[in-house]
Amino acid sequence: AQRVTQPEKLLSVFKGAPVELKCNYSYSGSPELFWYVQYSRQRLQLLLRHISRESIKGFTADLNKGETSFHLKKPFAQEEDSAMYYCALWGGANNLFFGTGTRLTVIP
Amino acid sequence: SAVISQKPSRDICQRGTSLTIQCQVDSQVTMMFWYRQQPGQSLTLIATANQGSEATYESGFVIDKFPISRPNLTFSTLTVSNMSPEDSSIYLCSVSRQGPNEKLFFGSGTQLSVL
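Protein sequence lines, in the order shown, are assigned to chains W and H.
According to this note's numbering, the residues represented by the first sequence are 10 to 117, in order.
According to this note's numbering, the residues represented by the second sequence are 3 to 117, in order.
Below, the structure written as structure tokens:
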């Protein structure tokens with residue numbers, strides 16, 4: 010079965026500190042992983058995809074198939090990074106499986 | 003990008019009634035999806051809206067409860083029928099030009115409360 014786990018519902022870090030939002034997945038095939046973000050009073054939007062290997066707003070995420078993880082990282086958190094972050098997995102067909110999300114708060 | 007207009011943005015409904023949610027996209031898109039996000043839960047795919055044919059429903063969702071229309075490539079509706087308090091949720095329209103493994107664009111959501 011396909012599943013995405015985000016173990017932290019809430020995460021608070023100080024401005025300038027490193028941040029890591031955890032995501033683990035369960036999938037027997039070759040997955041495609043995504044991070045979506047929802048800023049306050051805005052709609053959900055794509056932050057990054059693992060296959061594009063790009064860094065968006067200073068965030069990166071590496072797919073670790075051995076640990077079945079796709080953690081989102083940023084070396085220096087900014088206040089504008091405060092948002093709800095969702096990890097998602099595509100395992101084929103039309104379904105994108107989302108985790109329950111982590112609310113990140115960056116403390117000034 | 004794709005600009006999605008979803009309405010209503012919120013509604014409070016009585017048990018046993020139905021609500022139709024509209025999703026309008028500013029350009030033609032291949033795929034349109036309807037998601038539900040219950041309080042404290044993740045986003046769950048209800049169905050894929052197919053243009054000109056019946057929607058494809060995910061496990062646990064049926065057409066009688068969530069009838070969907072998609073008359074063209076820019077518009078879709080989701081109806082929540084015979085509502086109960088358990089249907090209180092956020093309903094999201096989402097579109098993709100190719101598939102969910104490409105970029106998904108989301109509407110602003112419909113916050114539904116059923117009394």
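Built from N, CA and C at the ideal position, the CB exists for glycine as well.
The model shown is predicted, which means the values in this text are computed figures rather than measured ones.
query                                                                                                    : result
Beta-bridge partners of residue 22(W), as assigned by DSSP                                               : 115(W)
N- and C-terminal bounds of the beta strand (DSSP E) containing residue 74(H)                            : 70–74
Cβ distance (whole Å) where residue 42(W) is taken to contact residue 98(W) below 8 Å                    : 6 Å
Per-residue burial, residue 40(H) [other beta carbons within 10 Å of its own, 16 or more giving buried]  : exposed
Proximal residues to residue 38(W) (C-beta, below 8 Å), its chain only, five neighbours per side dropped : 100 and 101
Any C-beta of chain W under 8 Å from that of residue 112(H)                                              : no
Assumed close pair residue 37(H), residue 117(H) - CB separation to whole angstroms, cut-off 8 Å         : Contact flag wrong, Cβ pair sits at about 23 Å.
Start and end residues, beta strand (DSSP E) containing residue 64(H)                                    : From DSSP, residue 64(H) is part of no beta strand (DSSP E); its letter is neither H nor E.
Residues bridged to residue 13(H) (per DSSP)                                                             : 114(H)
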